[in-house]
Structures are given as structure tokens and as C-alpha cells.
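No gaps in the numbering here: position 109 of the sequence shown is 109 in UniProt numbering, and each next residue is one more.
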Amino acid sequence: MDGISGTTAMVRAARAGDAGAMDRLYRHFAPVVHGVLLSYVQHADADDLTQDVFETALQRLHELREDAAFPGWIVRIARRAALDAKRRPAPLTGVDTEPASDPGSVEDRFEAERSLRAIRALPEAYRETLVLRLVEGLTGPEIAERTGLTPGSVRVNLHRGMAQLRDVLAQGQRRQGT
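Below, the structure written as C-alpha cells:
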């Protein structure tokens, strides 16, 4: 099931208590929720908050007026959860851990963290779409479908975001003298 009609059908079935539909919603939208969260908080916190966002969404699914609005609605819930987490005096986990399966070298992980910090410094629209594309690996059309943005907005956000990211990273390299 893809697209708006697939999402609408999954939401309708989840509202009716279909556990399989709830699982499909989770599998389909978890990368988006995780990516939105990761654009604000540490990796370990984003992992934990992803579960919280889905628990909240499933508890409040009856409040959703239109099934087709689910993508934008769950993104708003994720954004609120991330902003709430940022307001807390300490991170949820207190530690930022990378997945144990990460085979990259220390230098690769350092570079990835530096890039993620640079992405987090960008405006929200660019930050979120870049994380969804570069970290979560979603295509432009997948980002549009799963966030409720138009394909044109996603293309513009990715294009402008990449340009700003290149500038930020280049400035950082100039400051380091490399």
C-alpha cells in the first residue's frame, strides 16, 4: 500500500482496532518520525522518542479528523516531542550512542556527527528533509508522501538545504584550517 489511499486505508483499519494496520503504520512512518526527531535530539533519544510518538499517536488516533491527514499529523507530534525533549534540563538517556552495528571508523563517525550538527543548525524545513534523505535514506517522493509536503516543496527544501549545508561545512573546514 503506497500513497495517500494506502495511508488512509491503514489509518482506517488501525482506528477499527486492526493490530496489523497499526504495525504497518509504524513500519511505514517510523523512519520519518525518527528522522524528524534526529534533526533535533541525540541519536539515542530519537530512538526512544520514536516509540513515544507512536504510543501517543495510537492513543490519540480518534482525534484525527481526516485519515489522509495522518502524515502531517504524526510529523507534528514528533516535532512537539522533540521540542519538549530539548527543553528538558538533561537528555533522556544522558548518552549519545551509535548503533553497535556501525562498522565505520572513528573518523567516519566523527565526520557523521559533525555533519549532523551542521544539519541541526539549518532552518527546520531544510533540517528535517535533509535528515530524512541523508540519514534515513528516503527518496524525495517518499519524504513528500510520508510528511504531507508537496513533492515540489521537498525538492526545493533538499536543494536549498544541501546548498546551505555545503556552506556551513565549508565554513567549519576553513575555521579548522583544513
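Ideal Cβ positions, reconstructed from N, Cα and C, are used throughout, including at glycine.
Alpha-carbon to alpha-carbon, Gln173 and Met22: Position 22 of the sequence shown, counted from the start, is the residue given in the question as residue 22. Position 173 of the sequence shown, counted from the start, is the residue given in the question as residue 173. Straight across, the Cα-Cα distance linking Met22 with Gln173 is about 45 Å.
Tell me where the alpha helix (DSSP H) around Asp130 begins and ends. As a working mapping, residue 130 is identified with position 130 in the sequence shown. According to the sequence provided, residue 130 is Leu. The question's Asp does not apply to it. Where Leu130 is concerned, the enclosing alpha helix (DSSP H) stretches over Glu124 to Leu130.
Buried or exposed for Ala163, going by 16 or more other Cβ atoms inside 10 Å? Numbered from 1 along the sequence shown, position 163 holds the residue referred to as residue 163. So Ala163 ends up on the exposed side.
Between which two residues does the alpha helix (DSSP H) harbouring Arg109 extend? In the sequence shown, the residue the question calls residue 109 occupies position 109. Segment Val106 to Arg120, the alpha helix (DSSP H) holding Arg109.
What's the gap between the Cα of Gly140 and the Cα of Arg133? Translated into the one-based positions of the sequence shown, residue 140 becomes position 140. Translated into the one-based positions of the sequence shown, residue 133 becomes position 133. Each residue's alpha carbon lies about 7 Å from the other.
Rounded to the nearest angstrom, what separates Glu136 and Asp167 at their Cα positions? Taking the first residue of the sequence shown as 1, we reach residue 136 at position 136. Taking the first residue of the sequence shown as 1, we reach residue 167 at position 167. Near 22 Å, if we compare the C-alpha coordinates of Asp167 and Glu136.
Between Met150 and the rest of its own chain, which residues show a CB-CB distance below 7 Å, the 5 nearest in sequence each way excluded? Position 150 of the sequence shown holds residue 150. A small fix is needed here, since residue 150 is Thr in this sequence, not Met. If the five residues before and after Thr150 are omitted, its C-beta is found closer than 7 Å to the C-beta atoms of Ala144, all from its own chain and listed in chain order.
For the UniProt domain "RNA polymerase sigma-70 region 2" (25-88), list the alpha helix (DSSP H) runs that are entirely contained and at least 4 residues long, ordered along the chain. 43-59 and 70-87
Looking only at its own chain, which residues have a Cβ that is under 8 Å from the Cβ of Leu61, when we skip the five neighbours before and after it? The count along the sequence shown starts at 1 and reaches residue 61 at position 61. Answer for Leu61: Val11, Ala14 and Arg15, listed in chain order.
Can you give the Cα-Cα distance for Thr50 and His43, rounded to whole angstroms? Here residue 50 is taken as the residue at index 50 of the sequence shown, counted from 1. Here residue 43 is taken as the residue at index 43 of the sequence shown, counted from 1. The straight-line gap from Cα to Cα measures roughly 11 Å.
Would you mind stating whether Val53 and Ile74 have Cβ atoms separated by less than 8 Å? Here residue 53 is taken as the residue at index 53 of the sequence shown, counted from 1. Here residue 74 is taken as the residue at index 74 of the sequence shown, counted from 1. The answer is yes: Cβ separation under 8 Å.
Counting along the chain, where does the alpha helix (DSSP H) carrying Gly140 start and finish? The residue you call residue 140 lines up with position 140 of the sequence shown. Note, Gly140: alpha helix (DSSP H), Gly140 to Thr147.
7 Å CB neighbourhood of Arg160 in its chain, flanking five on each side removed: Working through the sequence shown from its first residue, we reach residue 160 at position 160. These residues qualify, in order along the chain: Tyr126.
Closer than 6 Å by C-beta to Ala112: which residues in its own chain qualify, once you throw out the five before and the five after it? Chain order, please. Start at 1 with the first residue of the sequence shown, and residue 112 comes out as number 112. So the list is empty, once near-sequence residues are dropped.
Could you pull out every residue in the same chain whose Cβ sits closer than 6 Å to the Cβ of Leu64, ignoring the five residues on either side in sequence? Residue numbering aside, residue 64 sits at position 64 when the sequence shown is read from its first letter. Counting only Cβ-Cβ distances below 6 Å, and skipping sequence neighbours, we find Trp73.
Exposure of Glu55, with buried meaning 16 or more beta-carbon neighbours within 10 Å: Start at 1 with the first residue of the sequence shown, and residue 55 comes out as number 55. When all chains shown are included, Glu55 counts as exposed.
What residues in its chain sit with their C-beta under 7 Å from that of Phe70, if we drop five residues either side in the sequence? Reading the sequence shown from its first residue, position 70 is the one you call residue 70. So the list reads Thr7, Val11 and Leu64, once near-sequence residues are dropped.
Between the alpha carbons of Val32 and Ala82, how many angstroms are there, rounded? Here residue 32 refers to the residue found at position 32 when the sequence shown is read from its first residue. Here residue 82 refers to the residue found at position 82 when the sequence shown is read from its first residue. In a straight line, the C-alpha of Val32 is about 13 Å away from that of Ala82.
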